[in-house]
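Input: a single structure, listed below in structure tokens.
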Amino acid sequence: MVGPTLNGVHQQHSNRGIHMHQNVIDTVSEMTAALERGDVDTVMSFYVDDAVVSFEPGSPVRGAEQLRAGFAAFAALKPHFRYDNGHEVMISGDIAVHIAPWTMNGTAADGTAIAESGLSVATLRHQVDDSWKIALDNPFGARLVP
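Take the sequence shown: its letters are residues 1 to 146, numbered as in full-length UniProt numbering.
Next comes the structure, spelled out in structure tokens:
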């Protein structure tokens, strides 16, 4: 299968490459579904042990305790995410980059409706069991775009 062209150069995608791209998208989608369900344990299972996540723009956190607290706070909003503009995935060896614009609707503890949007930029590592796990997760990548 011939992929998109860039300056007349065709990129070849093998069936394995297409499968790997879909696995990355599935990883992000399944993690998002777990977050929507409030299943923080399952959310955590999609991240490597030394993952770094930005729960607030420009404020990355690391460590299982901090990540668990951040995901629990997000899950408390009863979020519903949409990726209406699709996903872009690039893979080199055992590293993948996933980029996707997102929108989220939820409810604050006081009942106030919340609506946010952003550009998710995540780096994933391929695991020996053929799964992908998220190593770096910045859902606020768009804040740098003028």
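A virtual CB, placed ideally from N, CA and C, is assigned to each residue, including glycine.
First and last residue of the beta strand (DSSP E) that includes residue i?
i    : result
V40  : Counting along the chain, V40 falls outside any beta strand (DSSP E), though it belongs to the alpha helix (DSSP H) covering 40-45.
F140 : Where F140 is concerned, there is no enclosing beta strand (DSSP E), given that its DSSP letter is neither H nor E.
Indicate whether residue i and residue j have their beta-carbon atoms separated by less than 7 angstroms.
i    : j   : result
A75  : V40 : yes
M20  : I91 : yes
L136 : A96 : no
So, at 7 angstroms on beta carbons, what are the nonlocal neighbours of residue i in its own chain, with the 5 sequence-adjacent residues on each side left out?
i   : result
T32 : F81
L6  : Residue placement at L6 cannot be trusted, given a pLDDT of 42 that sits under 50; what the coordinates show is reported in the next sentence. Answer for L6: no residue qualifies.
G8  : With a pLDDT of only 38 at G8, under 50, the local geometry of the prediction cannot be trusted, and no value is derived from it.
L77 : G106, T107, A108, I114
What residue range does the alpha helix (DSSP H) around residue i cover?
i   : result
F71 : 64-75
In this structure, does DSSP put residue i in helix, strand or coil?
i    : result
S131 : coil
T32  : helix
T107 : strand
Short of 8 angstroms in beta carbon distance, which residues of its chain neighbour residue i, apart from the five on each side in sequence? Order them along the chain.
i    : result
R68  : V40, M44
W102 : F81, R82, Y83, S117, G118, L119, S120, P139
Take residue i and list the residues in its own chain whose beta-carbon comes closer than 6 angstroms to its own, dropping the five residues that flank it on each side.
i   : result
F55 : G70
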